[in-house]
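A.B. asks:
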Amino acid sequence: MEEEHIRTIIKQNEQLHQVIGDMARTLKVICDVVCENLSPAQSVGHDLPDEGYQGSPATNRPKLLSSKEEEELLTYLLSDPNEQPVDPRMVLPRHVSIAFVTAYLETSTATFYREINDQLLEKAFTIGKRPYFRMSDLISLAKEKALLAHEKGAWTYAKMNKKKTSGK
5 MEEEHIRTII KQNEQLHQVI GDMARTLKVI CDVVCENLSP AQSVGHDLPD
55 EGYQGSPATN RPKLLSSKEE EELLTYLLSD PNEQPVDPRM VLPRHVSIAF
105 VTAYLETSTA TFYREINDQL LEKAFTIGKR PYFRMSDLIS LAKEKALLAH
155 EKGAWTYAKM NKKKTSGK
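Numbers 5 to 172, taken from my numbering, label the letters of the sequence shown in order.
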């Protein structure tokens with residue numbers, strides 16, 4: 005049940021990112037169309053002196069910002085105001101516990117310890133006696149299992165281990 009809820013949240017998050025991307029592209033197109041259709045008297049910089057008016061001959065509108073500055077401004081306007089800039093070097097991969105791994109792979113704890121732990125998944129670190137695993141490793145294991153499930157026969161984690169150790 006929890007895994008279904010997580011999948012639903014992930015799907016909604018992906019849809020939200022798609023909608024935000026579509027909105028950003030639409031906003032850019034609208035801004036370009038409005039700026040091209042304004043006459044110089046209606047434009048933002050109509051009261052600038054002639055030496056400050058750098059209109060392009062094709063659109064006859066003032067060029068107040070370069071394309072890079074326009075892109076930075078659009079990114080700033082569409083960004084979350086509460087979001088703090090994150091240094092990519094300081095971001096650690098997400099780590100998960102054994103309970104999450106067993107729920108994600110839909111397997112028992114006994115199967116996890118017997119066939120997955122330290123064989124198909126390596127510990128990233130331990131806190132006390134509790135091991136934590138990288139989420140990226142878990143996702144790649146689940147994808148590998150999904151790909152192998154289409155081959156003939158029942159694919160268990162023990163078979164995946166044999167295939168991994170034999171080098172095939």
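Just so it is clear, CB atoms sit at the ideal spot from N, CA and C, and this is done for glycine as well. Every value quoted in this text rests on a predicted model; they were computed, and no experiment measured them.
(1) Can you tell which of Glu6, Glu40, Leu78 and Ala162 has the C-alpha that lies nearest to the C-alpha of Tyr117?
(2) I'd like the list of long-range same chain contacts for Glu87, defined as Cβ closer than 6 Å, with 5 residues on each side in sequence excluded.
(3) So what's Asn121 in DSSP terms, helix, strand or just coil?
(4) Suppose the cutoff is 8 Å on Cβ atoms and the five residues either side in sequence are ignored; what does the same chain contact list for Leu124 look like?
(5) Between the C-alpha atoms of Phe129 and Ala28, what's the straight-line distance to the nearest angstrom?
(6) Using three-state DSSP, classify Arg138 as helix, strand or coil.
(7) Helix, strand or coil for Glu55, going by three-state DSSP, please let me know.
(8) Taking just the CA atoms, how far does Asp36 sit from Pro135?
(9) State the Cα-Cα distance for the pair Val105 and Glu76, rounded to the nearest angstrom.
(10) How many whole angstroms separate the CB atoms of Glu40 and Tyr108, which I take to be in contact at a CB cut-off of 8 Å?
C.D. replies: The structure says:
(1) To locate residue 117, count along the sequence shown from 1; it is residue 113. When only C-alpha atoms are compared, the closest one is Ala162.
(2) Along the sequence shown, read from residue 1 onward, the residue named residue 87 stands at position 83. Here the set comprises nothing.
(3) Within the sequence shown, residue 121 is the residue found at index 117, counting from 1. Residue state, collapsed to three classes: strand.
(4) For the purposes of this step, residue 124 is taken as the residue at position 120 of the sequence shown. If we look at Leu124 and ignore the five residues flanking it on each side, its Cβ neighbours are Leu145, Tyr161, Met164, Asn165 and Lys168.
(5) The count along the sequence shown starts at 1 and reaches residue 129 at position 125. The count along the sequence shown starts at 1 and reaches residue 28 at position 24. Their backbone Cα atoms lie some 40 Å apart in a straight line.
(6) In the sequence shown, the residue the question calls residue 138 occupies position 134. Arg138 falls in the strand class under three-state DSSP.
(7) For the purposes of this step, residue 55 is taken as the residue at position 51 of the sequence shown. Note that Glu55 scores a pLDDT of 47, beneath 50, so its modelled location is shaky; the value from the coordinates is reported in the next line. Looking at Glu55 - three-state DSSP - the assignment turns out to be helix.
(8) In the sequence shown, counting from the first residue as 1, residue 135 sits at position 131. In the sequence shown, counting from the first residue as 1, residue 36 sits at position 32. Taking the straight line from one Cα to the other gives about 53 Å.
(9) In the sequence shown, residue 105 corresponds to position 101, counting from 1. In the sequence shown, residue 76 corresponds to position 72, counting from 1. C-alpha separation (whole angstroms): 40 Å.
(10) If you number the sequence shown from 1, residue 40 lands on position 36. If you number the sequence shown from 1, residue 108 lands on position 104. About 51 Å; that fails the 8 Å criterion.
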